[in-house]
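J.: Provided herewith is a single structure, encoded as structure tokens, for subsequent inquiry.
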Amino acid sequence: MPKPHLALLAALLAAFGIQYFSDRIDPYYLDVLTGIGINVILAVSLNLVNGYTGQFSLGHAGFMSVGAYLSAAVTMFLGPKLLGDDGGTAFQQGALFLAALLAGGLSAALAGLLVGVPSLRLKGDYLALVTLGFGEIIRVIFQNVEVLGGALGMNGIPPYTNIFWVLAFVAITVFVVTCLVNSTYGRGFLATHDDEIASEAVGLNTTRYKIVAFVIGAFFAGIAGGLYGHFKLTITPTGFDFTKSIEIVVMVILGGMGNTVGVILAAILLTLLPEVLRPIAEYRMVLYSFLLIVLMLVRPQGLFNFRFGKARG
Amino acid sequence: MLTVSDLSVSYGAISALSGISFRIEQGSIVTLIGGNGAGKTTTLRTISGLLRPKAGKIEFLGEDITRLAAHRIVARGLCHVPEGRMIFSNLTVDENLAMGAYLLRDHELIAKNRDYVFSIFPRLKERLKQMAGTLSGGEQQMLAIGRALMGNPKFLMLDEPSLGIAPRLISTIFEKIVEINRNHGITILLVEQNANLALEVSQRAYVLETGRIVMQGESKQLRADPQLKATYLGG
Numbered sequence: 309m310p311k312p313h314l315a316l317l318a319a320l321l322a323a324f325g326i327q328y329f330s331d332r333i334d335p336y337y338l339d340v341l342t343g344i345g346i347n348v349i350l351a352v353s354l355n356l357v358n359g360y361t362g363q364f365s366l367g368h369a370g371f372m373s374v375g376a377y378l379s380a381a382v383t384m385f386l387g388p389k390l391l392g393d394d395g396g397t398a399f400q401q402g403a404l405f406l407a408a409l410l411a412g413g414l415s416a417a418l419a420g421l422l423v424g425v426p427s428l429r430l431k432g433d434y435l436a437l438v439t440l441g442f443g444e445i446i447r448v449i450f451q452n453v454e455v456l457g458g459a460l461g462m463n464g465i466p467p468y469t470n471i472f473w474v475l476a477f478v479a480i481t482v483f484v485v486t487c488l489v490n491s492t493y494g495r496g497f498l499a500t501h502d503d504e505i506a507s508e509a510v511g512l513n514t515t516r517y518k519i520v521a522f523v524i525g526a527f528f529a530g531i532a533g534g535l536y537g538h539f540k541l542t543i544t545p546t547g548f549d550f551t552k553s554i555e556i557v558v559m560v561i562l563g564g565m566g567n568t569v570g571v572i573l574a575a576i577l578l579t580l581l582p583e584v585l586r587p588i589a590e591y592r593m594v595l596y597s598f599l600l601i602v603l604m605l606v607r608p609q610g611l612f613n614f615r616f617g618k619a620r621g
Numbered sequence: 047m048l049t050v051s052d053l054s055v056s057y058g059a060i061s062a063l064s065g066i067s068f069r070i071e072q073g074s075i076v077t078l079i080g081g082n083g084a085g086k087t088t089t090l091r092t093i094s095g096l097l098r099p100k101a102g103k104i105e106f107l108g109e110d111i112t113r114l115a116a117h118r119i120v121a122r123g124l125c126h127v128p129e130g131r132m133i134f135s136n137l138t139v140d141e142n143l144a145m146g147a148y149l150l151r152d153h154e155l156i157a158k159n160r161d162y163v164f165s166i167f168p169r170l171k172e173r174l175k176q177m178a179g180t181l182s183g184g185e186q187q188m189l190a191i192g193r194a195l196m197g198n199p200k201f202l203m204l205d206e207p208s209l210g211i212a213p214r215l216i217s218t219i220f221e222k223i224v225e226i227n228r229n230h231g232i233t234i235l236l237v238e239q240n241a242n243l244a245l246e247v248s249q250r251a252y253v254l255e256t257g258r259i260v261m262q263g264e265s266k267q268l269r270a271d272p273q274l275k276a277t278y279l280g281g
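Which chain is which? The protein sequence lines are A and B, in order. 309 is the number of the first residue of the first sequence in the numbering used here; add one for each residue after it. 47 is the number of the first residue of the second sequence in the numbering used here; add one for each residue after it.
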């Protein structure tokens, strides 16, 4: 394996290169690639929680929405004041967008901490229910806050998301998650997943590990939300309901819990599949669901799972 | 070294331990024996902070550890090898051992502990890169004990080390337990269903029955006790 820092640098340069030549790429492909990138960020970050640490969270779309709304609020409300009437230079816009994304990520991380501290003492189904409930609460809150557009959502978000930002954050997410789980400290996530009692018996603070995984996962979900908002230019509370969370969970399961490469491939596959199936129009979702069932029957441990030998209880 | 006084634990409405007390002297091997559901595992889990007692007090090296979190208790040198060989099956043998030294920061000490573990269980050295889940039952038990030793414990609690292990390996593992105690002065609290074996290696024993200590004394004397013989030692 190449040195992770060099790989990250190479990926950032590649992202910049693709951005530089993006004029010559069919906009449709750029859009699909952007969608893939955002889903990869979501799936890889959720994999830290659901895969490596073994906690079943159904609230990822909730954290995504926190990031989407917060970052959109920064660029829409603060942007005009900071950049002036002419909209500012490209560099100023980039700096504002980066600040907005980080604000979105950090607020999502804070939300992750607030949800995680009380609920991560729960296990399995109970935790899944609490996180599901959290996602719905967030959605209802955004639906009722008039400043953020209420049920209509926010419109006219500036189109700051481009292929550079998406690929750069894909690279950063993969880098952070990979380095984290491969570090001595990060082995604790896997240990917590394997056996909580044994982990505590050797002196791991499993609750803290779960919260750290949850907060980092939420942070990147918030970043993905910010990218999503400035890509679609409009966000509504219903866009982040629990079906979105389940979509991300499916990517993680299909990729093989706790396998970053597999989860990336699954996120690509599941984003492309609806696009590829577009010609058959109304049967698209039927076939999509059918393929999911087949995949689950044939490879229940995940399509690309090599580390975890068998599904574990 | 360890003093447990009037310890009571319950799972909801069901009482698992009703006021047990015992003392363990430094350097000894003490065993808790008793049938299923007597409260042996509950006792160990409460001492190591995995369960919270309803009443009572646990003192380790003169300090009250009753309400401490599990990882803080480990940091004080009291390590628990849980029942059923709870190893990290998706980590390699090497990574399992590294987790055992989780609380240590001194790399020289970690390397020394590793050599020590390999000197006791040479088999683990041969299997370093293997996934722990693919080890045999006996090897997993060796790994569980080895992992505990990585943390430099002063006091080791072993829960049913003979459970589900090939009979040939059981005597090996018990020899190693005695070796760990004798050569390195690690005090051991041993929970065992195999009372014969437990009384053979220990100096002192407590017999638990439905959450109470019903008998205690020197292991040698208990082995000769007719009542205990009839109940636990197979006649």
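Ideal Cβ placement from N, Cα and C applies to all residues, glycine included.
Along chain A, in chain order, which residues have C-beta atoms closer than 8 Å to that of B:Ala132?
T.: Checking the sequence, you will find Met at residue 132 of chain B rather than Ala. What B:Met132 touches in chain A: Asp503, Ile505, Ala506 and Ala509.
J.: Rounded to a whole number of angstroms, what is the C-alpha to C-alpha distance between B:Met47 and B:Ile60?
T.: Answer to the nearest angstrom: the Cα atoms are 30 Å apart.
J.: Would you say B:Ile135 faces chain A, with C-beta separation under 7 Å as the test?
T.: The sequence given here places Ser at residue 135 of chain B; Ile does not occur at that position. Chain A, which has a Cβ nearer than 7 Å to the Cβ of B:Ser135, makes this yes.
J.: Which whole runs of the beta strand (DSSP E) in the stretch 66-98 of chain B are 3 residues long or more, in chain order?
T.: The stretch 66-98 of chain B contains these whole beta strand (DSSP E) runs: 75-79.
J.: Mapping DSSP to helix, strand and coil, what is B:Met203?
T.: B:Met203 falls in the strand class under three-state DSSP.
J.: With a threshold of 16 other CB atoms inside 10 Å of the CB of B:Ala125, please say whether the residue is buried or exposed.
T.: A small correction: the amino acid at residue 125 of chain B is Cys; Ala does not occupy that position in the sequence shown. Under this definition B:Cys125 is a buried residue.
J.: For A:Ala574 and chain B, any beta-carbon pair shorter than 7 Å?
T.: Closer than 7 Å: no.
J.: Closer than 8 Å is the cut-off here; do at least three beta carbon pairs connect the stretch 562-582 of chain A with the stretch 423-437 of chain A?
T.: Touching, no.
J.: Residues of chain A with CB closer than 7 Å to the CB of B:Pro128, please, in chain order.
T.: Residues of chain A passing the Cβ test: Ile505, Ala506 and Ala509.
J.: Give the range of the alpha helix (DSSP H) segment to which A:Phe472 is assigned.
T.: Counting along the chain, the alpha helix (DSSP H) containing A:Phe472 begins and ends at Ile471 to Asn490.
J.: If I'm right that B:Ala190 touches B:Ile133 with Cβ under 8 Å, what's the distance once you round it to whole angstroms?
T.: Sure, about 5 Å apart at Cβ, within 8 Å.
J.: In three-state DSSP terms, what is B:Met132?
T.: It is coil, neither helix nor strand.
J.: Quick check: A:Thr383 and A:Pro466, are their CB atoms within less than 7 Å of each other?
T.: The answer is yes: Cβ separation under 7 Å.
J.: Hey, does B:Leu48 have any beta-carbon neighbour from chain A nearer than 7 Å?
T.: No, B:Leu48 lies away from the interface with chain A (no Cβ there is under 7 Å from its Cβ).
J.: Less than 8 Å between C-beta atoms, sequence neighbours within five positions excluded: which residues of the same chain meet that for A:Asp596?
T.: According to the sequence shown, residue 596 of chain A is Tyr rather than Asp. Leu581, Pro582 and Leu585, listed in sequence order.
J.: Is it true that the CB of A:Gly530 sits closer than 7 Å to the CB of A:Gly375?
T.: Yes. Within cutoff.
J.: Pull up the DSSP beta-bridge partners for B:Lys103, would you.
T.: Bridge partners of B:Lys103: B:Ser51.
J.: Check the Cβ of A:Ala521 against every Cβ in chain B and list those closer than 9 Å, keeping chain order.
T.: Per Cβ cutoff of 9 Å: no residues; A:Ala521 is ~16 Å from chain B at best.
J.: Determine the closest residue to A:Ser365 out of A:Val423, A:Val569 and A:Gln609, with distance taken between C-alpha atoms.
T.: Closest option to A:Ser365, Cα to Cα, is A:Val423.
J.: I'd like the list of long-range same chain contacts for A:Leu391, defined as Cβ closer than 6 Å, with 5 residues on each side in sequence excluded.
T.: Only Gln400 meet the Cβ criterion.
J.: Can at least three beta-carbon pairs, one atom from the stretch 510-521 of chain A and one from the stretch 189-208 of chain B, be found at a separation below 8 Å?
T.: With the cut-off at 8 Å, the stretch 510-521 of chain A and the stretch 189-208 of chain B touch.
J.: Which residue from B:Glu264, B:Glu255 and B:Ser74 puts its Cα closest to that of B:Thr87?
T.: B:Thr87 has its Cα closest to that of B:Glu255, out of B:Glu264, B:Glu255 and B:Ser74.
J.: Cβ of A:Ala499 less than 7 Å from any chain B Cβ?
T.: Cβ-Cβ to chain B under 7 Å: yes for A:Ala499.
J.: Below 8 Å, can you find three or more Cβ-Cβ pairs linking the stretch 241-250 of chain B to the stretch 212-227 of chain B?
T.: Taking 8 Å as the limit for Cβ pairs, the verdict is that the stretch 212-227 of chain B does touch the stretch 241-250 of chain B.
J.: So which of B:Phe164, B:Pro128, B:Val127 and B:Leu97 has the shortest CA-CA distance to B:Leu114?
T.: Ranking B:Phe164, B:Pro128, B:Val127 and B:Leu97 by Cα distance to B:Leu114 puts B:Leu97 first.
J.: Run through DSSP, which three-state label would B:Asn198 get?
T.: B:Asn198 falls in the coil class under three-state DSSP.
J.: Mind listing the chain A neighbours of B:Val260? Cutoff is C-beta to C-beta under 8 Å, in chain order.
T.: Per Cβ cutoff of 8 Å: no residues; B:Val260 is ~28 Å from chain A at best.
J.: Evaluate A:Met593 with the Cβ neighbour count: other Cβ atoms within 10 Å of its Cβ, from every protein chain shown; 16 or more gives buried, anything less gives exposed.
T.: A:Met593 should be labelled exposed.
J.: Please state whether DSSP places A:Tyr493 in a helix, a strand or coil.
T.: Residue state, collapsed to three classes: coil.
J.: Touch check for the stretch 61-80 of chain B and the stretch 598-610 of chain A: three-plus C-beta pairs under 8 Å?
T.: As far as the Cβ criterion goes, the stretch 61-80 of chain B does not touch the stretch 598-610 of chain A, which means the pair count is below three.
J.: Excluding the 5 residues preceding and the 5 following B:Gly85 in the sequence, name in chain order all residues of the same chain whose CB lies nearer than 7 Å to its CB.
T.: The residues are Ala62, Leu63, Leu254 and Gly257.
J.: Distance, Cα to Cα, B:Tyr162 vs B:Glu71?
T.: Looking at the two C-alpha atoms, the distance is approximately 24 Å.
J.: Would you say B:Tyr252 and B:Gln262 are within 7 Å of each other, going by their C-beta atoms?
T.: Yes, the pair counts as a contact, with Cβ atoms nearer than the cut-off.
J.: Measure the C-alpha to C-alpha separation of A:Gly617 and B:Val139 and round it to an integer number of angstroms.
T.: Any answer about A:Gly617 is weak, because its pLDDT of 45 lies below 50 and its placement is not dependable; what the coordinates show is given next. Between A:Gly617 and B:Val139, the C-alpha separation is close to 16 Å.
J.: Would a check of beta-carbon distances place A:Asn513 closer than 7 Å to chain B?
T.: True, the Cβ-Cβ gap to chain B drops below 7 Å.
J.: When the cut-off is 7 Å and only beta carbons count, does A:Arg495 lie next to chain B?
T.: With 7 Å as the cut-off, A:Arg495 counts as an interface residue toward chain B.
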